[in-house]
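Taken in sequence, the protein lines are chains A and B.
Position in the first sequence (first residue = 1) + 32 = the working numbering.
Position in the second sequence (first residue = 1) + 32 = the working numbering.
All C-beta atoms in this analysis are idealised placements derived from N, C-alpha and C, irrespective of residue type, glycine included.
Since we're looking at a predicted model, the values are computed, not measured.
Report on the structure given below.
There are 2 protein chains.
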Amino acid sequence: MPPDGTPVGSLGEFGLIDRLRAILGSPDDAGLQRRLVKGISDDAAVLLPVPDRLQLISTDSYAEGIHFDLTYTSPHHLGWKVMAASLSDIAAMAGRPDFATVALCIPQKATVELISRLYEGVAAACREYSVAVVGGDTTASSGGLIIGVTVTGSAGKDRVVYRSGAQPGDLLCVSGHLGASHAGLKILLREKARFAGSDPGTPFIPDLARYTSALEKHFMPRPRFDIAGFFSERIRVHAMIDISDGLASEIHHICSESGVGAALYERSIPVDLVTQHIAGEFSESPLLYALYGGDEYELLFTISDTEYEKLENLTEDVSVIGRMTEADKGIVYVRENGETEPLAGRGWDHFRAPGPGPDR
Amino acid sequence: MPPDGTPVGSLGEFGLIDRLRAILGSPDDAGLQRRLVKGISDDAAVLLPVPDRLQLISTDSYAEGIHFDLTYTSPHHLGWKVMAASLSDIAAMAGRPDFATVALCIPQKATVELISRLYEGVAAACREYSVAVVGGDTTASSGGLIIGVTVTGSAGKDRVVYRSGAQPGDLLCVSGHLGASHAGLKILLREKARFAGSDPGTPFIPDLARYTSALEKHFMPRPRFDIAGFFSERIRVHAMIDISDGLASEIHHICSESGVGAALYERSIPVDLVTQHIAGEFSESPLLYALYGGDEYELLFTISDTEYEKLENLTEDVSVIGRMTEADKGIVYVRENGETEPLAGRGWDHFRAPGPGPDR
Numbered sequence: 033m034p035p036d037g038t039p040v041g042s043l044g045e046f047g048l049i050d051r052l053r054a055i056l057g058s059p060d061d062a063g064l065q066r067r068l069v070k071g072i073s074d075d076a077a078v079l080l081p082v083p084d085r086l087q088l089i090s091t092d093s094y095a096e097g098i099h100f101d102l103t104y105t106s107p108h109h110l111g112w113k114v115m116a117a118s119l120s121d122i123a124a125m126a127g128r129p130d131f132a133t134v135a136l137c138i139p140q141k142a143t144v145e146l147i148s149r150l151y152e153g154v155a156a157a158c159r160e161y162s163v164a165v166v167g168g169d170t171t172a173s174s175g176g177l178i179i180g181v182t183v184t185g186s187a188g189k190d191r192v193v194y195r196s197g198a199q200p201g202d203l204l205c206v207s208g209h210l211g212a213s214h215a216g217l218k219i220l221l222r223e224k225a226r227f228a229g230s231d232p233g234t235p236f237i238p239d240l241a242r243y244t245s246a247l248e249k250h251f252m253p254r255p256r257f258d259i260a261g262f263f264s265e266r267i268r269v270h271a272m273i274d275i276s277d278g279l280a281s282e283i284h285h286i287c288s289e290s291g292v293g294a295a296l297y298e299r300s301i302p303v304d305l306v307t308q309h310i311a312g313e314f315s316e317s318p319l320l321y322a323l324y325g326g327d328e329y330e331l332l333f334t335i336s337d338t339e340y341e342k343l344e345n346l347t348e349d350v351s352v353i354g355r356m357t358e359a360d361k362g363i364v365y366v367r368e369n370g371e372t373e374p375l376a377g378r379g380w381d382h383f384r385a386p387g388p389g390p391d392r
Numbered sequence: 033m034p035p036d037g038t039p040v041g042s043l044g045e046f047g048l049i050d051r052l053r054a055i056l057g058s059p060d061d062a063g064l065q066r067r068l069v070k071g072i073s074d075d076a077a078v079l080l081p082v083p084d085r086l087q088l089i090s091t092d093s094y095a096e097g098i099h100f101d102l103t104y105t106s107p108h109h110l111g112w113k114v115m116a117a118s119l120s121d122i123a124a125m126a127g128r129p130d131f132a133t134v135a136l137c138i139p140q141k142a143t144v145e146l147i148s149r150l151y152e153g154v155a156a157a158c159r160e161y162s163v164a165v166v167g168g169d170t171t172a173s174s175g176g177l178i179i180g181v182t183v184t185g186s187a188g189k190d191r192v193v194y195r196s197g198a199q200p201g202d203l204l205c206v207s208g209h210l211g212a213s214h215a216g217l218k219i220l221l222r223e224k225a226r227f228a229g230s231d232p233g234t235p236f237i238p239d240l241a242r243y244t245s246a247l248e249k250h251f252m253p254r255p256r257f258d259i260a261g262f263f264s265e266r267i268r269v270h271a272m273i274d275i276s277d278g279l280a281s282e283i284h285h286i287c288s289e290s291g292v293g294a295a296l297y298e299r300s301i302p303v304d305l306v307t308q309h310i311a312g313e314f315s316e317s318p319l320l321y322a323l324y325g326g327d328e329y330e331l332l333f334t335i336s337d338t339e340y341e342k343l344e345n346l347t348e349d350v351s352v353i354g355r356m357t358e359a360d361k362g363i364v365y366v367r368e369n370g371e372t373e374p375l376a377g378r379g380w381d382h383f384r385a386p387g388p389g390p391d392r
């Protein structure tokens, strides 16, 4: 944070809200404009519903010291990331986002500049995904910075996809390549530790330039509306979830909500290339990054074999990583050598002490 | 907080969510049940829209040490209050609430018992006002407890009421009697200070029993859906806002959004009786409590003279406290002796140091 920034108190709550409204601007999207009857400025936002579609709503909180570290995260990236991560929940329902609210609990140390840049990141993500911020709240925080994001959206009445629809025999698929967000975090934590141990008299230059793609995945995740949109029109998806807490954990969620088991094939897990390189630097297995690293925001889904060919040119970006089974088969990890073992479901649990495996 | 309660970490995030879902239960209301396609358990809640009404959405955050003090607030009361305060924003639009999400940032010190009782308070308010909690988020907090509440609702297409519709000549009206929430807070802070200064060897009994009605107003505010519902069917209201930050502050909001002025008559301000008594104990003016005390959740609104008689038996619970004027007349406080002065607009601003007037 800039040590000589403008204290939030000098603007006051309503001055700050005016500043943030100006940063957000009006939505470019004509459909959103038409549906936005009243945005920020009243007790509640007023919106026109889409009568022939289902409404979606999801809420998430992001806490300093738990979800993000302002010593190595720029406010702009933070704003993008909290919005992208929240919107990813709408993609995971095969939905289309529309509106959002943002609530900030702002600590004394935060400046108008920090909050403004945070909102510039929020606004950038909103432009990218055609979302309008229609409300919010700004209050003081006696602890760190807390960002609460609620997003809404809509889905076709017979096209919404739940976690609970997986069927034995389904293909288990994932978009993208995994592990990079965790790999980026490993680099950031390493450089933070190097900085802490460095000579205060010598300028410190973090070693980050070689890891741009992993850092970008960590700081600027992209919810997969490209795939969700294709699914909502062309593919019958049985179950879907986004990967926020790690692949293994999300497989457990789908199995638990659907009442099925799964076999996950080690050889088929699409590990990001840079991740393999970074894990090597730490003498760790890149597969663990792909299995247990969070903040990926790729989509994990199940489809029947007959739907697979309809993926067409999406198949380059989608990997078949396993097959759903009857529940009594359990959730099984099939090693490259053919040996099987139960898939540990541990993902990110906010209230448990970190166990073995990748830290975060 | 019970010193020997169950640590949240022993249940884990998903165990805690299961516990909270059980406390919330299913909505009794048949209309809500029908509209709730999928509640807590997926990436987003899935809802049926009400096609012929406008959608409302509002979000608020409540931070320990800023909005509430767990040393004298029971978790049940806290749960009720955050939900009631949030729902009041829907009442202020002449709306009807339907769904809510609750996001918690939970500090290490909090126990399963505390969070469960908090949710019992949330559930009680939801039953009272026919609201279903359809989603949420639980994460750790490195600071205090933070509660984020987003509420949704609907309003008739030509019956929604904004802050911006006040017209010169309108009657300025308020529901209920004011000041009691602030008076209750004064008592709580006095007893907290007495406890801090008391002999640790002697049992301390706070002096609260004589102040039940003020404490109830402070801890269990009641959003005025009775009045909002009546308005949505019978009365043409020009502008409305709920009193969360204090009467004077809310008058300024209506004037600013509507581009009008107002004259507020001191003699007409409905000061709660117990408030007069409590303010006397502190040798303070009860009018200041009524003007600047927050957390009232009464409705402030403007109507034309011809609508007033339609209030019928509501008039016992509604006071005419002033008249809207042209903007160039400013916002004026008319003393009982007829002298006038500008109405100080100061309400609760989260980022400014407390000034003179009632503290909170």
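Sequence-distant residues of the same chain with beta carbon closer than 7 angstroms to residue i, five excluded per side
{"i": "SER173 (chain A)", "result": "CYS137, ILE138 and PRO139"}
{"i": "LEU88 (chain B)", "result": "ILE122, MET125, GLY127, THR184, GLY185, SER186 and ALA187"}
{"i": "ASP337 (chain A)", "result": "LEU203"}
{"i": "LEU64 (chain B)", "result": "ASP130, SER162 and ALA164"}
Residue-chain proximity (residue i, chain A), Cβ-Cβ < 8 angstroms
{"i": "LEU204 (chain B)", "result": "no"}
{"i": "ASP327 (chain B)", "result": "no"}
{"i": "PRO34 (chain B)", "result": "Residue confidence for PRO34 (chain B) is low, a pLDDT of 45 falling below 50, so the modelled location carries little weight; the figure read from the coordinates is stated next. No - not a single Cβ of chain A is within 8 angstroms of the one on PRO34 (chain B)."}
{"i": "GLU330 (chain B)", "result": "no"}
{"i": "TYR104 (chain B)", "result": "no"}
{"i": "MET125 (chain B)", "result": "yes"}
{"i": "GLY389 (chain B)", "result": "Low confidence applies to GLY389 (chain B): its pLDDT is 38, below 50, so where it sits in the model is not reliable, and the reading given next is rough at best. Not one chain A Cβ lies under 8 angstroms of GLY389 (chain B)."}
{"i": "ILE171 (chain B)", "result": "Strictly speaking, residue 171 (chain B) in this sequence is Thr, with Ile absent from that position. Yes, THR171 (chain B) counts as interfacial toward chain A."}
Own chain partners of residue i with C-beta closer than 6 angstroms, once the 5 adjacent residues on each side are dropped
{"i": "LEU119 (chain B)", "result": "PRO129, TYR161, VAL183 and PRO255"}
{"i": "GLY175 (chain B)", "result": "none"}
Selected residue, minimal CA-CA separation from residue i, among the options
{"i": "PHE227 (chain B)", "options": "B:PRO238, B:GLY233, B:ILE219 and B:LEU217", "result": "B:PRO238"}
{"i": "GLU358 (chain A)", "options": "A:GLN199, A:VAL154 and A:ALA142", "result": "A:GLN199"}
{"i": "VAL292 (chain A)", "options": "A:ARG299, A:MET272, A:LYS361 and A:GLU341", "result": "A:LYS361"}
{"i": "HIS77 (chain B)", "options": "B:ILE259, B:GLY201 and B:PHE131", "result": "The residue you asked about is not His; residue 77 (chain B) is Ala in the sequence shown. When only C-alpha atoms are compared, the closest one is B:PHE131."}
{"i": "GLY201 (chain B)", "options": "B:LEU296, B:LEU110, B:ARG66 and B:ALA246", "result": "B:LEU296"}
{"i": "SER276 (chain B)", "options": "B:VAL269, B:LYS249 and B:ALA62", "result": "B:LYS249"}
{"i": "ARG222 (chain A)", "options": "A:LEU48, A:ILE310 and A:THR347", "result": "A:ILE310"}
{"i": "THR91 (chain B)", "options": "B:GLU344, B:ASP60, B:ALA156 and B:GLY180", "result": "B:GLY180"}
{"i": "LEU332 (chain A)", "options": "A:SER315, A:ALA294 and A:THR307", "result": "A:ALA294"}
{"i": "LEU157 (chain A)", "options": "A:LEU110, A:PHE314, A:THR170 and A:SER264", "result": "The amino acid occupying residue 157 (chain A) in the given sequence is Ala; Leu does not appear at that position. Closest option to ALA157 (chain A), Cα to Cα, is A:LEU110."}
{"i": "THR244 (chain A)", "options": "A:GLY41, A:ILE72 and A:LEU217", "result": "A:LEU217"}
Cross-strand partners of residue i (DSSP beta bridge)
{"i": "GLY153 (chain B)", "result": "DSSP output for GLY153 (chain B) lists no bridge partner at all."}
{"i": "GLN199 (chain A)", "result": "Paired residue(s): none; GLN199 (chain A) is not in a bridge."}
{"i": "ARG355 (chain A)", "result": "A:LEU203 and A:ALA295"}
{"i": "SER54 (chain B)", "result": "In the sequence as presented, Ser is not what sits at residue 54 (chain B); that position holds Ala. Answer is none; ALA54 (chain B) lacks a bridge partner."}
{"i": "ARG66 (chain B)", "result": "Bridge partners of ARG66 (chain B): none, in fact."}
{"i": "PHE100 (chain A)", "result": "A:GLU96"}
{"i": "CYS158 (chain B)", "result": "Paired residues: none, contrary to the question."}
Coil, strand or helix - residue i by DSSP
{"i": "ILE49 (chain B)", "result": "helix"}
{"i": "LEU331 (chain B)", "result": "strand"}
{"i": "LEU217 (chain B)", "result": "helix"}
{"i": "GLY37 (chain A)", "result": "coil"}
{"i": "GLY208 (chain B)", "result": "coil"}
{"i": "TYR340 (chain A)", "result": "helix"}
{"i": "ASP349 (chain A)", "result": "helix"}
{"i": "TYR243 (chain A)", "result": "helix"}
{"i": "GLU313 (chain A)", "result": "helix"}
Residue-level contact to chain B via CB, residue i, 8 angstroms cutoff
{"i": "THR244 (chain A)", "result": "no"}
{"i": "CYS158 (chain A)", "result": "no"}
{"i": "GLY176 (chain A)", "result": "yes"}
{"i": "GLY63 (chain A)", "result": "no"}
{"i": "LEU296 (chain A)", "result": "no"}
{"i": "ALA376 (chain A)", "result": "no"}
{"i": "ILE89 (chain A)", "result": "yes"}
{"i": "THR38 (chain A)", "result": "no"}
Sequence-distant residues of the same chain with beta carbon closer than 8 angstroms to residue i, five excluded per side
{"i": "GLY312 (chain A)", "result": "PRO318"}
{"i": "GLY377 (chain B)", "result": "ALA280, SER281, ILE283, HIS284 and ILE363"}
{"i": "ASP84 (chain B)", "result": "LYS189"}
{"i": "ARG159 (chain B)", "result": "ASP60"}
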